[in-house]
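Below is one structure, written out as structure tokens; comments come after it.
Residue numbers (the numbering used here): 7 to 347.
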């Protein structure tokens with residue numbers, strides 16, 4: 007929609023937009039972004055230093071320029087039932103690899119708990135469009151393809167019954183980073199090879215069937231998250247009004263809390279204070295244990311380090327981001343059409 011407006015020179019239709027970074031390439035190609043570097047450097051309400059470095063550098067910037075005010079930061083996580091894991095598997099820890107996920111899903115399939123028989127071992131979200139439907143595929147593929155840090159998608163350079171309600175699982179929701187892979191695709195050899203510290207600096211050591219194995223982790227951030235940008239082609243007064251509105255309602259350090267804490271939105275934390283101020287979450291009615299696990303897993307995914315990571319965690323470590331090129335959304339659609347099942 008933004009690209010259509012710019013292509014047809016509908017300059018005054020919108021002074022600002024909320025979009026996701028996968029649209030940066032299309033909007034950037036049409037010179038649609040008002041640079042916001044000076045705003046980021048000087049506006050106290052925006053409180054730029056309090057935003058996670060990965061969000062500053064990878065979410066709000068395009069071609070080295072600040073083009074958006076962050077409103078959100080997505081990262082996929084694995085949610086599981088702690089009580090079921092404890093009862094059936096005698097552990098509360100999440101699986102470390104996708105092969106382990108398959109094994110546990112088969113073991114848990116058709117089990118009875120909460121008085122309900124025939125439960126599924128694993129569930130994936132049925133999304134409404136091809137682009138986001140591919141997110142699960144990317145989440146599984148990511149730890150096999152990206153192991154040298156963010157930016158590794160290319161080749162080097164390149165309603166329901168009460169017992170199904172939220173209250174039924176309050177306090178027993180486990181949250182962990184997405185499983186990884188002990189094998190990665192080595193581009194030079196064009197083959198799958200085992201992880202090592204040198205090859206997979208963001209890997210962790212996991213006990214797989216009694217064997218200590220290095221597992222590459224590559225958390226996936228589908229679509230990145232919502233940001234707010236200002237139309238470079240709007241009159242200056244309208245640009246200023248749009249910035250003031252966005253800061254007052256969504257993008258400032260203070261106003262950012264309302265959508266983050268609301269159960270009516272799917273906005274996710276992206277500032278350090280969102281992760282540190284746990285009491286604010288509890289005051290909003292969230293369960294303490296679930297909240298602690300969720301925030302900890304998210305922060306770990308967004309600042310993934312490792313034995314050979316050399317401080318790259320500040321910029322997300324091995325976090326996998328969507329592409330930021332023109333037509334980026336179509337690439338995921340192609341992936342789904344290629345493998346519709």
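C-beta: ideal position from N, C-alpha, C; glycine also.
- Leaving aside the five residues that flank residue 43 on each side, the residues in its chain whose CB is nearer than 8 Å to its CB run, in chain order, 71, 72.
- Judged by pairs of C-beta atoms under 8 Å, the region 59-69 touches the region 19-34, as three or more such pairs exist.
- With fewer than 16 other beta carbons inside 10 angstroms of its own, residue 98 counts as exposed.
- DSSP, read as helix, strand or coil, puts residue 271 in coil.
- A contact between stretches requires three or more CB pairs, one per stretch, nearer than 8 Å, and the region 237-248 fails this requirement with the region 256-265.
- Listed in chain order, the non-local C-beta contacts of residue 186 below 7 Å within the same chain comprise 102, 103, 149, 221, 222, 223, 224, local neighbours out to five positions each way being set aside.
- The beta carbons of residue 226 and residue 324 sit no closer together than 8 Å.
- Relative to residue 288, the option among 280, 297, 232, 303 whose CA is nearest is 297.
- Taking 8 Å as the cut-off, the Cβ atoms of residue 308 and residue 60 count as close.
- For residue 220, the enclosing beta strand (DSSP E) covers residues 217-221.
- DSSP places residue 54 within a helical segment (H, G or I) once states are collapsed to three.
- Sorting 125, 177, 202, 124 by C-alpha distance to the C-alpha of residue 153 places 202 at the top.
- As DSSP reads the structure, residue 238 sits in no beta bridge.
- Here the alpha carbons of residue 54 and residue 62 stand approximately 8 Å from one another.
- Within 10 angstroms of the beta-carbon of residue 304 lie 16 or more other beta-carbons, which makes it buried.
- Residue 229 is classed as buried because its beta carbon has at least 16 other beta carbons within 10 Å across all chains shown.
- Residue 210 sits away from residue 199, with the two beta carbons spaced by 8 Å or more.
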